[in-house]
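Contents: one structure, followed by commentary.
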Amino acid sequence: MQGREGHDPDFDLVVRAGQGDQAAVQALVARKLPRLTALAGRMLGDPVEAEDVAQEAFLRAWKHAGTWTAGPARFDTWLHRVALNLCYDRLRRRRERPMAEPPEQVDTGPAPDRGLHAADVSRRVQEALQALPERQREAVVLCHFQELGNIAAAQIMDVSVEALESLLSRGRRALRAALSDLVRE
Amino acid sequence: MNRDRFFAILDAYGAEPRRWPAAERAEALAFAGADVEAGAALRWAEELDDLLDESRPLAPSPALRRRIVEAAPQARVRRSPLRWFAPGAGLAAAGVAGLVFGVSLLAPPEAAPDALLADLDTYEVLGGIEPAEGQL
Numbered sequence: 023m024q025g026r027e028g029h030d031p032d033f034d035l036v037v038r039a040g041q042g043d044q045a046a047v048q049a050l051v052a053r054k055l056p057r058l059t060a061l062a063g064r065m066l067g068d069p070v071e072a073e074d075v076a077q078e079a080f081l082r083a084w085k086h087a088g089t090w091t092a093g094p095a096r097f098d099t100w101l102h103r104v105a106l107n108l109c110y111d112r113l114r115r116r117r118e119r120p121m122a123e124p125p126e127q128v129d130t131g132p133a134p135d136r137g138l139h140a141a142d143v144s145r146r147v148q149e150a151l152q153a154l155p156e157r158q159r160e161a162v163v164l165c166h167f168q169e170l171g172n173i174a175a176a177q178i179m180d181v182s183v184e185a186l187e188s189l190l191s192r193g194r195r196a197l198r199a200a201l202s203d204l205v206r207e
Numbered sequence: 129m130n131r132d133r134f135f136a137i138l139d140a141y142g143a144e145p146r147r148w149p150a151a152e153r154a155e156a157l158a159f160a161g162a163d164v165e166a167g168a169a170l171r172w173a174e175e176l177d178d179l180l181d182e183s184r185p186l187a188p189s190p191a192l193r194r195r196i197v198e199a200a201p202q203a204r205v206r207r208s209p210l211r212w213f214a215p216g217a218g219l220a221a222a223g224v225a226g227l228v229f230g231v232s233l234l235a236p237p238e239a240a241p242d243a244l245l246a247d248l249d250t251y252e253v254l255g256g257i258e259p260a261e262g263q264l
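For the protein sequence lines, the chains are R and W, in the order given. The opening position of the first sequence corresponds to residue 23 in the working numbering, with each subsequent residue numbered one higher. The opening position of the second sequence corresponds to residue 129 in the working numbering, with each subsequent residue numbered one higher.
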C-alpha cells in the first residue's frame with residue numbers, strides 16, 4: 023500500500039486514521055465511501071453486492087492504514103484498484119455460477135424534484151452500462167463517473183493510455199447506440 | 129492538436145474539458161475555439177454525457193457507514209508505568225498494610241517482624257492485586 027506525501031491529498035488522513043484518530047476516520051469515510059459505493063454499484067448493478075464490496079475495501083484500507091508509506095500511487099488510486107478487484111471477483115463468480123434471477127438493479131427510485139423521466143433515464147443508463155463488456159464498463163466508470171484522470175485510470179486498469187482510450191471509445195459508442203432513442207428526444 | 133486527435137479525445141472522454149487529458153486540455157480547448165467543425169462534434173459528445181449524468185449513483189446506507197467506522201483502527205491506550213501509584217492501588221496497599229499490622233497484634237510473640245514485611249513485599253511484587261472482599 024503506497025501513498026505520496028505532499029502530492030496525495032489523502033495521505034495525512036490515512037496516516038491519522040491508521041493511528042486511530044476517529045476524526046480522521048470519519049473524514050476519510052465521508053470522502054471515500056460515496057465514491058466507492060457508486061463505483062461498485064455501477065460495476066455490479068447490485069446494491070447489496072456493491073455495499074459488500076465497499077465494506078471489504080474499507081476493511082482492507084483499515085488493515086494497511088497503520089503502515090501507510092509514501093510511494094508512487096495515491097490512496098484513492100489504490101482504493102479504486104482494491105474495490106475493482108473485489109468487483110471482478112464477484113463478476114467471475116457470477117459467470118461460474120449463473121444466477122436463477124438477475125441481480126436487483128441499482129435504482130434508488132425517482133427523486134421528487136426530477137420526476138419519472140429522470141428515473142427512467144437513470145435505469146436505462148444503468149442497463150446499458152451492465153450490457154457493456156467488463157473492461158469497457160470499467161473504463162467508462164473510472165473516467166466518466168469517477169472522473170479519474172486518464173493516467174490514474176490506466177494505472178488502475180494496468181493498461182496503456184492508448185488502450186484505455188480505445189476501451190473508452192468503444193464503450194461510449196456502444197452506450198450511444200443503446201441509448202439512441204433517448205438521444206433523439 | 130489536429131482535428132483527428134481532437135475528435136479522438138471527444139470520442140474517448142466526451143465533451144467536458146475537465147475529463148480530457150490534462151496534458152492536452154489547453155491545446156484542445158484552443159482548437160475547439162478555432163475549428164469550424166469542433167462545435168458540432170462537442171454537441172454530439174455532450175448529448176451522451178448528459179444522458180450518462182442522469183444516472184444517479186448508488187448512495188451508501190447509514191448502516192454501511194456505521195459498520196465501516198466501527199471497524200476502523202482504534203487508538204492504543206498507553207499504560208503508564210506509574211499506574212501502580214494510582215490512588216486505588218495506594219488505598220489497596222494501605223488496606224493490606226493495615227491487615228498485616230492487625231494480624232501482627234494477634235500473632236504469637238515469636239512472629240518475627242521481618243516475616244511480616246516479607247508478606248507485604250510479596251503483595252507489592254504481585255502488582256497490587258486488591259484483596260478479596262472480607263479479607264480486610
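Ideal placement from N, C-alpha and C gives every residue a C-beta, glycine not left out.
Check                                                                                                                                                                                                : Outcome
Tell me which residues share the same chain as Ala-243 of chain W and place their Cβ nearer than 8 angstroms to its Cβ, disregarding the 5 neighbours each side in the sequence.                     : The predicted position of Ala-243 of chain W is uncertain, since its pLDDT is 40 and thus under 50; no value can be drawn from it.
Which residues bound the alpha helix (DSSP H) around Ser-202 of chain R?                                                                                                                             : 202 to 205
Kindly list, in the order they appear in chain C, the residues whose Cβ is closer than 9 angstroms to that of Gln-158 of chain R.                                                                    : The structure shown contains no chain C; its protein chains are R and W.
So, helix, strand or coil for Gln-95 of chain R, using DSSP?                                                                                                                                         : According to the sequence as given, residue 95 of chain R is Ala; it is not Gln. Correct three-state label for Ala-95 of chain R: coil.
How about Ala-62 of chain R and Cys-109 of chain R: are their beta carbons less than 7 angstroms apart?                                                                                              : yes
Cβ of Ala-105 of chain R within 7 angstroms of Cβ of Val-75 of chain R?                                                                                                                              : yes
Which value, in whole angstroms, describes the spacing of the CA atoms of Val-205 of chain R and Arg-198 of chain R?                                                                                 : 8 angstroms
Just to confirm, are Glu-144 of chain W and Asp-178 of chain W a CB contact at a threshold of 7 angstroms?                                                                                           : no
Using a C-beta to C-beta distance shorter than 7 angstroms, which residues of chain R count as neighbours of Val-197 of chain W?                                                                     : Val-47, Gln-48, Val-51
Go through its chain and collect everything with a Cβ distance to Phe-134 of chain W's Cβ below 8 angstroms, but skip five positions before and after it.                                            : Ala-156, Phe-159, Ala-160, Asp-163, Ala-166, Ala-169
Using a C-beta to C-beta distance shorter than 8 angstroms, which residues of chain W count as neighbours of Arg-117 of chain R?                                                                     : The contacting residues do not exist; Arg-117 of chain R stays about 22 angstroms from chain W at best.
Give the straight-line distance between the Cα atoms of Val-183 of chain R and Asn-172 of chain R, rounded to the nearest whole angstrom.                                                            : 7 angstroms
Report the neighbours of Asp-139 of chain W on chain R: residues whose CB is nearer than 9 angstroms to its CB, in chain order.                                                                      : Glu-187, Leu-190, Ser-191, Arg-194, Arg-195
Contact between the segment 192 to 205 of chain W and the segment 174 to 183 of chain R is defined here as three or more beta-carbon pairs at a separation below 8 angstroms; is this criterion met? : no
Do Asp-132 of chain W and Ser-191 of chain R come within 7 angstroms of each other at the CB atom, strictly closer than that value?                                                                  : no
Starting from Trp-84 of chain R, trace the alpha helix (DSSP H) both ways and give me its first and last residue.                                                                                    : 69 to 87
Using a beta-carbon distance below 7 angstroms, is Ser-144 of chain R in contact with chain W?                                                                                                       : yes
Verify the CB distance criterion: does Arg-153 of chain W have a CB-CB separation below 7 angstroms to chain R?                                                                                      : no
Could you pull out every residue in the same chain whose Cβ sits closer than 8 angstroms to the Cβ of Arg-147 of chain W, ignoring the five residues on either side in sequence?                     : Tyr-141
What separation, rounded to the nearest whole angstrom, lies between the Cα atoms of Glu-71 of chain R and Gln-158 of chain R?                                                                       : 20 angstroms
Less than 7 angstroms between the C-beta atoms of Leu-186 of chain W and Pro-69 of chain R, yes or no?                                                                                               : yes
When you check each C-beta in the segment 174 to 200 of chain W against every C-beta of chain R, which residues fall closer than 8 angstroms?                                                        : Glu-175, Leu-176, Asp-177, Leu-179, Leu-180, Glu-182, Ser-183, Arg-184, Pro-185, Leu-186, Ala-187, Pro-188, Ser-189, Leu-192, Arg-193, Arg-195, Ile-196, Val-197, Ala-199, Ala-200
Can you look up Asp-269 of chain W in the DSSP assignment and give me helix, strand or coil?                                                                                                         : The requested residue 269 of chain W is not part of the displayed model; chain W covers only 129 to 264.
How would you list, in chain order, the residues of chain R whose beta-carbon sits under 7 angstroms from the beta-carbon of Pro-149 of chain W?                                                     : Asn-172
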